[in-house]
Structure formats: structure tokens, C-alpha cells
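**Q** Mind looking over this structure? Questions follow.
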């Protein structure tokens, strides 16, 4: 895929889809630096493309650059206010806004947003539940965090015995 994307980009440097596919390939191969170059060039070509901002945030998180990743998330949230991007569900918007709040050091806001996102889906994805558990842990809601994390892993919410430590304590 990298070879064909490179050929397509060499023929037409403005071929946005090829840049996006190449960025995803680089990310999957663990090369976030190369991916971010394609993503940034893509944002320059199409500054209103929400997929590019999501990719940018993902790349920056892999590069351990939390504040720029949060800025990319907020840019994406702003784009979602545009009616042309209605295909994104409300629960996905809330999840991303919750993740951004967590990155910006506002865990109480993150808990509220992520609880709304979880309540809107019949079977919330494990990542959404894990983010909620992390936000709950950051706000000191350790019992709630443990129960939410167990749901994310598909484990039973009750502890086997009184001597069992909550899952979050085991992960530290």
C-alpha cells in the first residue's frame, strides 16, 4: 500500500486520499513521524476534513505530545459543528470531547461527557468505557472506575472475595 500511495502522490501531490491511506499505513507500522507529515500536508490541502484532524490527534498521541493532540481534538470538535459532517454520531462526538477534556486536565468534565456517550449506546465500545474509567479514577471515583473498567474488559462487576483488590489497584 505504501508503494502505490507513494506513486499516486508522486503523480498528483494533491491526491488527499492517497496521503490519508499512507498516513494510516505508517501509523500501523509504528512510524508516527512519517504519518504526521502526510497528515499535516493533508490538512494544508483540505483544512475542513475531520478525518485528518482525527488522524493528527492519533499521531500526536503516539508521539506523546498530549497538548497538540488535544488541540487537534478540539479542531475536530469544531468541524463537527458544521452540518456537512452529520454522519458522526452524537456519542462519538461526546467521546472525543471527553477524551479532549481528559487530555486538557479536566477529568470532571470528561466524566460527564463520557457518561453521556456511554448512555447513548446500547453496547458501548470497550475504549469508551476505558476512557470513562480513567476519567473516574482521575476524579477519585475509584469504585466507579473499577466497575466501569470491569465492564470494558467484560468481567463480572462483583469481586470474588473481600480480599480481592480493585482492578485499578492491580494495574498500577
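In our numbering, the protein residues as written are 1319 to 1490.
Here a beta-carbon is modelled for each residue, glycine too, at the ideal position from N, C-alpha and C.
All values reported here derive from a predicted model rather than from experimental measurement.
Indicate whether residue 1495 and residue 1394 have their beta-carbon atoms separated by less than 7 Å.
**A** This structure cannot speak to residue 1495, because the chain is shown only from 1319 to 1490.
**Q** For residue 1361 and residue 1381, which I take to be in contact (beta-carbon distance under 8 Å), what is that distance rounded to the nearest angstrom?
**A** Contact flag wrong, Cβ pair sits at about 16 Å.
**Q** So, at 6 Å on beta carbons, what are the nonlocal neighbours of residue 1420 in its own chain, with the 5 sequence-adjacent residues on each side left out?
**A** Result list for residue 1420: 1428 and 1453, in chain order.
**Q** For residue 1407, tell me which candidate among 1385, 1383 and 1442 has the shortest Cα-Cα distance.
**A** 1442
**Q** Helix or strand or just coil, what does DSSP make of residue 1410?
**A** helix
**Q** Residue 1426 and residue 1457: beta carbons closer than 7 Å?
**A** yes
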